[in-house]
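Report on the structure given below.
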Amino acid sequence: MSTGRIRTRAESEQLAQSLQRLLAAQKSALQVDLVAVGDDYRVAVWPYATRAEAERLRGELAARGLRTDVVAF
Numbered sequence: 045m046s047t048g049r050i051r052t053r054a055e056s057e058q059l060a061q062s063l064q065r066l067l068a069a070q071k072s073a074l075q076v077d078l079v080a081v082g083d084d085y086r087v088a089v090w091p092y093a094t095r096a097e098a099e100r101l102r103g104e105l106a107a108r109g110l111r112t113d114v115v116a117f
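Numbered per this note's numbering, the sequence shown finishes at 117, counting up by one with no gaps.
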């Protein structure tokens, strides 16, 4: 799963930390990473056992106001 492009590294890091706290609270083994995309960044969460698991988390994040896309890595 990946966020859209984020302009600054600081904003990306802040979002990544928030996602890590959320996943830690859920006792999830998912990893959160920053991915450089030209001059911008994306925050990626991976690996998922199934697409359904990724879609479930995407829905939880959408309910919190964060848009993400499920992508294959």
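Heads up, the beta-carbon is just placed ideally off N, CA and C, and yes, glycines get one too. Predicted, not measured: the structure shown is a model, and the values here were computed from it.
Keeping to the same chain, check which residues put their C-beta closer than 7 Å to that of residue i; ignore five residues upstream and five downstream.
i	result
R95	V114
Y92	A98
Decide if residue i is buried, meaning its Cβ has at least 16 other Cβ atoms within 10 Å, or exposed.
i	result
A60	buried
V41	Only positions 45 to 117 of the chain appear in this structure, which leaves residue 41 out of reach.
What residue range does the alpha helix (DSSP H) around residue i cover?
i	result
A88	Segment D84 to W90 is the beta strand (DSSP E) holding A88; no alpha helix (DSSP H) there.
G48	Element bounds for G48: n/a, residue is neither H nor E.
A96	R95 to A107
Once DSSP output is grouped into helix, strand and coil, what is the label at residue i?
i	result
Q75	strand
A132	Residue 132 lies beyond the stretch modelled for the chain, which goes from 45 to 117, so this question has no answer here.
Go through its chain and collect everything with a Cβ distance to residue i's Cβ below 6 Å, but skip five positions before and after it.
i	result
T112	M45, T47, R102 and L105
Skipping 5 residues on each side, what residues in its chain have a beta carbon closer than 8 Å to that of residue i?
i	result
R86	S46, T47, G48, R49, I50, S56, L78 and V79
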